[in-house]
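Undergrad: Residue numbers (our numbering), protein chains in the order written: chain A, 203 to 420; chain B, 2 to 152; chain C, 38 to 237.
Heads up, the beta-carbon is just placed ideally off N, CA and C, and yes, glycines get one too.
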Amino acid sequence: MFDLNIEGAELFALPFGDIVPYFSVYSATLAAFVLIFILIAAFDRPERQLNIIFGGDAFYEKEIKEGDTRFSRFMAIACGFATLGAVLTGDIFNFTLFAVLVGITNIAIVASAGNHHVLNAAFQYGIVAMIATVPLFGAAAIILATTGTLSIWTLAGMGAVPLLAKAMLILGVMGEGIAPLYIGKAEIIRAQGAPFVLMIHFSSLLLFLRVTEIVLVI
Amino acid sequence: MIIRKLSGILSNFTNLSRVYAVMVIIVVIAGIASIPSLDYQGDRLYPKTIDRDSPLDPYDRGGIPFESTVVLAEYPENSPYLGYITAYLTPLSLALAAATPHMGTTIVAHPGGIIDEILYATRGLDTVVETTILFVGFAVAAHLFRRREDE
Amino acid sequence: MIDTFHIGMFAASLCIIIAFFSFMKETDDLHRLLLTDLASVMALFLIALVGTDLAEALILPGLVVTISKLMALTEIYLVKEGIQRNQPARTLDIEVLQSAPAILASILVLYGIFLSGFSGGAVAGLGVIFYIICKGHQERFELIETVSGYAWVAWIAAFFIILIFPSQWFLAVMIAGGAILIKVTAKLSLIGTMRGESDV
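(1) Pick helix, strand or coil for E212/A, following the three-state DSSP scheme.
(2) With a Cβ-Cβ cutoff of 9 Å, do I212/C and A195/C count as a contact?
(3) With a threshold of 9 Å between beta-carbons, can D58/B be considered close to chain A, or not?
(4) Does the distance from the C-beta atom of F295/A to that of F235/A stay below 9 Å?
(5) Look at I113/C and V137/B and say whether their C-beta atoms are less than 9 Å apart.
(6) Could you work out which residues of chain A lie near T103/C, taking near to mean beta carbons separated by less than 8 Å?
(7) Where does F218/A fall in DSSP's three states?
(8) Would you give the residue range spanned by the alpha helix (DSSP H) that F47/C belongs to?
(9) DSSP state of F202/C, grouped into three classes?
(10) Could you give the distance in angstroms between the alpha-carbon of D207/C and the alpha-carbon of E78/B?
(11) Give the range of the beta strand (DSSP E) segment to which F225/A is assigned.
(12) What residues in the region 124-138 of chain B bring their beta carbon closer than 8 Å to a beta carbon of chain A?
(13) Beta carbons nearer than 7 Å to chain A: which residues of the region 75-107 of chain B have them?
(14) If I240/A sits next to G282/A, beta carbons under 8 Å apart, how far is it from one beta carbon to the other, in whole angstroms?
(15) Could you work out which residues of chain B lie near F196/C, taking near to mean beta carbons separated by less than 7 Å?
(16) List the residues of chain B that G219/A touches, going by C-beta distances under 8 Å, in chain order.
(17) Would you mind working out which of I416/A, T298/A, L216/A, V336/A sits nearest L83/C, comparing C-alpha positions?
(18) Indicate whether at least one CB of chain A lies closer than 9 Å to the CB of D65/C.
(19) My output table needs one value for D44/B: the three-state DSSP class, helix, strand or coil.
(20) Mind listing which residues of the region 28-45 of chain B have their C-beta closer than 8 Å to chain C's C-betas, in chain order?
(21) Do T222/C and G158/C have their C-beta atoms closer together than 9 Å?
(22) Over what stretch of residues does the alpha helix (DSSP H) that includes T89/C continue unbroken?
(23) Of all the CB atoms in chain C, is at least one closer than 9 Å to the CB of I329/A?
(24) For a contact meaning CB atoms closer than 7 Å, what does F339/A contact in chain C?
(25) For a test of the three-state rule: what should DSSP assign to F261/A, helix, strand or coil?
(26) Under 6 Å Cβ to Cβ from S314/A, same chain only, skipping five residues before and after it: list those, please.
(27) Measure the C-alpha to C-alpha separation of I54/C and I26/B and round it to an integer number of angstroms.
(28) Anything in chain B within Cβ reach of S314/A, meaning under 8 Å, just list it in chain order.
(29) Closer than 9 Å by beta-carbon distance: list the chain B residues that pair up with L152/C, in chain order.
(30) Please identify the residue among T356/A, A301/A, F214/A whose C-alpha is closest to the C-alpha of D220/A.
(31) Indicate whether at least one CB of chain B lies closer than 9 Å to the CB of T356/A.
(32) Under 9 Å, CB to CB, which of the residues in the region 206-220 of chain C have a partner in chain B?
(33) Taking the C-alpha atoms as reference points, what is the distance between F225/A and T231/A?
(34) Could you check what DSSP says for S235/C in three-state terms: helix, strand or coil?
(35) Are the C-beta atoms of L409/A and some chain B residue less than 9 Å apart?
(36) In whole angstroms, what is the alpha-carbon distance linking A96/B and L152/C?
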């Protein structure tokens, strides 16, 4: 796989039984970005939010208790680690599971806002994220049935994966990583704990980068 | 005109599961034509052998407890003790398999057996992620439940 | 050549088209939530088509993903619609539900413990849910949650034992089977407590 252009040199591989996560130049770069964003999510303090009153100089401080953001901070960090897993894993089915984990932590971040409008968006997103498991797992199953393996190491460069499975894999990741579309509509940016929304955008971006790599390699 | 109409549909998020469903249907309909050209290779890993006379019927993979048996894993070199979990039977399921013709299939749920070998050993990372998903799903439900208790 | 796999694929494609067609037609949120279950069965259908032991092991994660997402979405739906306040007092006021739970629940729990592992946890959890739904409950929500959290940690420890000390596979399998049993039972039984009555 490492003679293909997209991956770059092999840096490190971690043998976990049948699932062998690996660091190539490409995935190690993505992983470094994920680590930076996990640190941002862990150390930022969105409790100090200011509301500016338009048309005057006045501002007032929003009262946000520590407990209100604890849940969304936890979920943002969990989402970061799920993204890390999705970026590093060397197995198609394991990748789809990590994508689902990213999807459900995104639902959690959106749902932790109490606003009714935001919850409605979270619900609609959750429906799409849930039915996206069909193309995701379907793609993994078709790959297993037609090539006899799930490991990206074995599949790399073989070109044996049918187009249908590739299309379904991309469609599935689209469904799980569709959250940013909802964020814009739900005005969650102005809700409390808004900085964690950053993690939603970031994780879906990285999922897309990773699935592009997988589809080009297999 | 068309663009305005399309963006009108897309901007209403109650429509998005509908849009997504349309995309899946398009992909599947396009994929139906390619089905006959798919070649079944699925039995390369962990093939299923069925021996109707065995009391462990669909899960009989041979071997005796604390010995190994043949398991076709993707990377056998990564699991030095491959096959030991598959061959292991708890004393209870051994007794059941000896006493009854079909109850031995409880090996699926009991510790030991081929499914446990895959779930715990060779593809253990899958199960880690799976239980984490359950944990997160539960945490969301519990958080929302607690919040509504507080209100 | 058309063999069983291809026939299965045709059938699965047809079912997927029908299932997703229902999402195009349905506009009610609650009905959509119910239909997601129909859709996720299609994913299991496709995995099962592989027909090996590996497929059987992959179905379990597929199933769990569905359960956990459904759990989260249902709770979001309840809060979104604001229907969590008006609880039915005791709609299921049937004599059998007063006398049967103790026996049935204990059978289910014992059988679940006997099975151990994930399916055992599901069976035992079902017994506990049944008991709680019929009899009401007085447990401490956080205590069960903590137990379930420790069981999860034990599970992860078992995973690392297999990776780092493969010769201790027996210990690891026993820890994993026990921990998953406790974890799944605790999680499922909490669903029963989330029906209403306030926690102690």
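TA: With the given structure in hand:
(1) Look at E212/A here: in three-state DSSP terms it is strand.
(2) yes
(3) Taking CB atoms only, D58/B has no neighbour in chain A less than 9 Å away.
(4) no
(5) For the pair I113/C and V137/B, the CB atoms are not nearer than the 9 Å cut-off.
(6) M332, T335
(7) strand
(8) 41-62
(9) Correct three-state label for F202/C: coil.
(10) Inspection of the sequence shows that residue 207/C is occupied by Phe rather than by Asp. Distance between the alpha carbons of F207/C and E78/B: 19 Å.
(11) 224-226
(12) R124, G125, L126, D127, V130, E131, T133, I134, V137, G138
(13) E75, Y76, N79, S80
(14) 4 Å
(15) G125, V129
(16) Neighbours of G219/A on chain B, chain order: A74, Y76, N79, S80, A122, T123, R124, G125, L126.
(17) Answer by Cα proximity: V336/A.
(18) For D65/C, no Cβ of chain A is located within less than 9 Å of the residue's own Cβ.
(19) In this structure, D44/B counts as helix in the three-state DSSP scheme.
(20) V29, I30, G32, I33, I36, P37, L39, Y41, G43, D44
(21) Taking 9 Å as the Cβ cut-off, T222/C and G158/C qualify as a contacting pair.
(22) No alpha helix (DSSP H) holds T89/C; DSSP gives it neither H nor E.
(23) yes
(24) A80, L83, I84, G99
(25) If DSSP states are grouped into helix, strand and coil, F261/A belongs with the strands.
(26) F273, S274
(27) 6 Å
(28) Result: H144.
(29) T107, V109, A110, H111
(30) T356/A
(31) Interface annotation, T356/A: in contact with chain B, CB-CB separation under 9 Å.
(32) W206, F207, A209, V210, M211, A213, G214, G215, I217, K220
(33) 9 Å
(34) Summary for S235/C: the model assigns pLDDT 45, below 50, so the residue's position carries little reliability, and this model does not support an answer.
(35) no
(36) 14 Å
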